[in-house]
Amino acid sequence: MDNDNDQEYDLKNTSSKTRDITMTTNLTHGAQPSLAQRAWNIRHKSLLMGAVQKQGYVGQALGVSDVLAVSYFHAMTFHPEDPEWEGRDRFLLSIGHYAIALYAALLEAGILPEYELETYGTDDSRLPMSGMASYTPGMEITGGSLGHGLGIGVGMALGLKRKRSASFVYNLMSDGELNEGSTWEAAMSAAHHKLDNLICLVDFNNQQADGKSTETLSSEPIDGKFEAFGWYTQRVDGNDIEALVKAFDKARHYDGAKPRAIICDTKMCKGVPFLEAREITHFVRVDEEEWDLALSVLEEGKPS
Ligand SMILES: Cc1ncc(C[n+]2csc(CCOP(=O)(O)OP(=O)(O)O)c2C)c(N)n1
Ligand SMILES: [Mg+2]
Numbered sequence: 007m008d009n010d011n012d013q014e015y016d017l018k019n020t021s022s023k024t025r026d027i028t029m030t031t032n033l034t035h036g037a038q039p040s041l042a043q044r045a046w047n048i049r050h051k052s053l054l055m056g057a058v059q060k061q062g063y064v065g066q067a068l069g070v071s072d073v074l075a076v077s078y079f080h081a082m083t084f085h086p087e088d089p090e091w092e093g094r095d096r097f098l099l100s101i102g103h104y105a106i107a108l109y110a111a112l113l114e115a116g117i118l119p120e121y122e123l124e125t126y127g128t129d130d131s132r133l134p135m136s137g138m139a140s141y142t143p144g145m146e147i148t149g150g151s152l153g154h155g156l157g158i159g160v161g162m163a164l165g166l167k168r169k170r171s172a173s174f175v176y177n178l179m180s181d182g183e184l185n186e187g188s189t190w191e192a193a194m195s196a197a198h199h200k201l202d203n204l205i206c207l208v209d210f211n212n213q214q215a216d217g218k219s220t221e222t223l224s225s226e227p228i229d230g231k232f233e234a235f236g237w238y239t240q241r242v243d244g245n246d247i248e249a250l251v252k253a254f255d256k257a258r259h260y261d262g263a264k265p266r267a268i269i270c271d272t273k274m275c276k277g278v279p280f281l282e283a284r285e286i287t288h289f290v291r292v293d294e295e296e297w298d299l300a301l302s303v304l305e306e307g308k309p310s
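Counting in the working numbering, the sequence shown runs from 7 upward without gaps.
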């Protein structure tokens, strides 16, 4: 077999099937925090980091925390003490401006030490305001030039299959990135190469820099588009942990030789109602005195 020839190389069934994954909807793991508590902790840490700088993309972080909690504390395999462990699942943050959200998840997962939270966005910190792979353990790629994460994910997933790895590649992207042509080139390649180890998570918060995504340049029907491109596609409420768990399980266990997409409909600023109510949330304005208010409002919704 010529390994350089994609057509002849056996790309089928080399990844997800070789790992014993337990299907579960149990949202707690022994004495570990529940997924709802994990999501709350991610929101809390995001707000604490935002409060350090009195700014940040906290609306996105609050919105995507449930997706991150299910990714890191239900679906993914990783070793916190060794973020580059070869057997890990890869999590690509295509959206570099969401870095504060991923830092919160990495802190919660113990990949980053708790004390670094305070350094967010300061000189010499490993937590710069935009995600950079060379700075931060657990940050797999330097995202932020939007529309590239999925293409990088295709390359990684292909490489892992060639190595007969059991790892999945998760690419977290935004609805704004659906306006980038490169996203759809990558989507087409993923299906062509039958990348059943690639899971694309789309954070559909219906916001982008210029306003609502559906009014700026609509990508609807998003699930229909991914399906037409050859993906096994689901669409869920991205703030419903139980629905997310089921969708992640189905994506990981799906038996077809297709890449998998989960479109997650999320609410910007979720968990802090007075911020949720704001019209413009891409870079949500939180006034000086509102950081403490936001933290105390979040506290009221803390899961027991
Ligand atoms: C290629 C590219 N074009 C433009 C930008 C500037 N930019 C940064 S965030 C953003 C909004 C993208 O939409 P989305 O991620 O859905 O926004 P959000 O949900 O965070 O409001 C834009 C246009 C960029 N980073 N990269
Ligand atoms: Mg968006």
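Heads up, the beta-carbon is just placed ideally off N, CA and C, and yes, glycines get one too.
Is the closest heavy atom of ligand 2 to the C-beta of residue 213 under 7 angstroms? Position 207 of the sequence shown holds residue 213. Answer for residue 213: yes, Cβ within range of ligand 2.
Between which residues of its own chain and residue 144 is the CB-CB distance below 6 angstroms, once the five residues before and five after are set aside? Counting from one through the sequence shown, the residue named residue 144 turns up at place 138. Correct list, in chain order: 89, 112 and 117.
Cβ-heavy atom distance, residue 183 to ligand 1, below 7 angstroms: The sequence position of residue 183 within the sequence shown is 177, counting from 1. The answer is yes for residue 183.
Please look up how many angstroms separate the CB atoms of residue 235 and residue 263, rounded, as I've assumed it's under 8 angstroms. Walking along the sequence shown from the start, residue 235 turns up at place 229. Walking along the sequence shown from the start, residue 263 turns up at place 257. With 8 angstroms as the limit, residue 235 and residue 263 do not qualify as a contact, their Cβ atoms being about 14 angstroms apart.
Closest Cα partner of residue 231 within the set 185, 251, 246 and 257: For the purposes of this step, residue 231 is identified with residue 225 of the sequence shown, where counting begins at 1. Of the listed residues, the one whose Cα sits closest to residue 231 is 185.
Compute the Euclidean distance between the alpha carbons of residue 135 and residue 156, then round it to the nearest angstrom. Within the sequence shown, residue 135 is the residue found at index 129, counting from 1. Within the sequence shown, residue 156 is the residue found at index 150, counting from 1. Roughly 22 angstroms separates the two Cα atoms.
Local Cβ density within 10 Å of residue 151, reported as buried at 16 or more and exposed below that: Counting from one through the sequence shown, the residue named residue 151 turns up at place 145. Under this definition residue 151 is an exposed residue.
Any non-hydrogen atom of ligand 2 within 7 angstroms of residue 219 CB: What you label residue 219 is simply residue 213 of the sequence shown in a count that begins at 1. Yes, ligand 2 has a heavy atom inside 7 angstroms of this Cβ.
Whole-angstrom Cβ separation of residue 312 and residue 59, contact assumed at under 8 angstroms? Nothing in the structure corresponds to residue 312, since the chain is present only between 7 and 310.
Residue 85, buried or exposed, once every other Cβ within 10 Å from all chains shown has been counted against 16: Counted from its first residue, the sequence shown places residue 85 at position 79. Answer is exposed; the Cβ neighbour count stays below 16.
At what residues does the alpha helix (DSSP H) containing residue 229 begin and finish? Translated into positions along the sequence shown, residue 229 becomes position 223. Looking at the DSSP string, the run of the alpha helix (DSSP H) that includes residue 229 is 228 to 234.
With DSSP as the reference, label residue 140 as helix, strand or coil. For the purposes of this step, residue 140 is taken as residue 134 along the sequence shown, with counting starting at 1. Note: residue 140 maps to coil in three-state DSSP.
Regarding residue 224 and ligand 2, is the C-beta to nearest heavy atom distance less than 7 angstroms? By one-based count along the sequence shown, residue 224 stands at place 218. Residue 224 Cβ: outside cutoff for every heavy atom of ligand 2.
Residue 308, DSSP secondary structure in three states: As a position in the sequence shown, residue 308 is number 302, starting the count at 1. Coil, per DSSP.
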